[in-house]
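Below is one structure, written out as structure tokens, with a few remarks after it.
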Amino acid sequence: MELRDIIFLVFGLLAVFSGIVVAFTPRIIHAVFSLLVTFCGVAGLYVLLQADFIAGAQIMVYVGGILVLLLFGVMLTQRIGKIDMKGAAVQRLPAAILCAALLAILLVMIYATPWSVVEEKVWTPTAPELGKQIMTDYLLPFEVVSILLLGVLMGAALLARTEKES
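Every number in the working numbering is 73 more than the matching position in the sequence shown, counting from 1.
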């Protein structure tokens with residue numbers, strides 16, 4: 074087992090186990106900090122898969138944006154530390170059965186797939202190629218998404234504006 078495999082296992086197990094903590098912890102603040110570890114583990118996996126742009130986006134968007142938003146929401150809410158998130162015991166058995174069935178299907182698919190061995194390529198940065206693809210081949214979808222996001226921003230500003238009393 075090479076060092077790369079060991080690092081992959083560490084990041085993978087870190088992401089999986091902290092994800093389990095997110096799902097099953099009764100305290101919301103523990104779930105948020107476990108989500109931080111999960112996002113960082115996923116970013117580490119992206120780095121190992123030589124997807125540097127996606128790893129940077131993972132850190133900036135999820136850790137820097139979504140997680141900070143969740144932390145502010147938790148910190149600014151009154152008495153959030155005393156709230157326990159407990160699901161009904163009735164839902165646990167069907168959820169466990171569904172998870173076991175999905176795991177079985179996933180394992181069957183993994184073992185039934187004839188995986189081909191590909192030789193390792195020399196690493197090249199992905200951001201310049203991604204930028205070239207977005208500005209040439211995928212320019213129309215990029216512009217459609219930008220117009221959609223502009224509409225969402227305008228709608229959010231319209232909803233957030235306060236009415237003046239006359």
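Each residue gets a CB set at the ideal place from its N, CA and C atoms; glycine is no exception.
Rounded to the nearest whole angstrom, the C-alpha separation of F215 and Q206 is 10 Å. When secondary structure is reduced to three states using DSSP, R234 falls in the coil class, being assigned neither helix nor strand. With distances taken between CA atoms, G117 lies nearest to I132 out of L140, I93, I132. With a cutoff of 8 Å on beta-carbon distance, R77 and L122 are scored as not near each other. A residue is called buried once 16 or more other Cβ atoms fall within 10 Å of its Cβ, and Y119 is buried on that count.
Only exposed fits L232, as fewer than 16 other CB atoms lie within 10 angstroms of its CB.
For L122, there is no enclosing alpha helix (DSSP H), as DSSP marks it with neither H nor E. Beta-carbon to beta-carbon, V136 and L109 are separated by about 6 Å, close enough to satisfy the 8 Å threshold. Straight through space, the alpha carbons of L222 and P99 are spaced by roughly 35 Å.
If the five residues before and after L143 are omitted, its C-beta is found closer than 8 Å to the C-beta atoms of V105, L108, all from its own chain and listed in chain order.
When the beta-carbon positions are compared, A200 and F126 come within less than 8 Å of each other. In the DSSP assignment, V94 falls within the unbroken alpha helix (DSSP H) covering 76 to 97. In this structure, the straight-line span from the alpha carbon of Y211 to that of W196 is close to 24 Å. Counting along the chain, Y184 sits inside the alpha helix (DSSP H) bounded by residues 165 to 185.
For E192, there is no enclosing alpha helix (DSSP H), as DSSP marks it with neither H nor E. The Cβ-Cβ distance between A88 and V115 falls below 8 Å.
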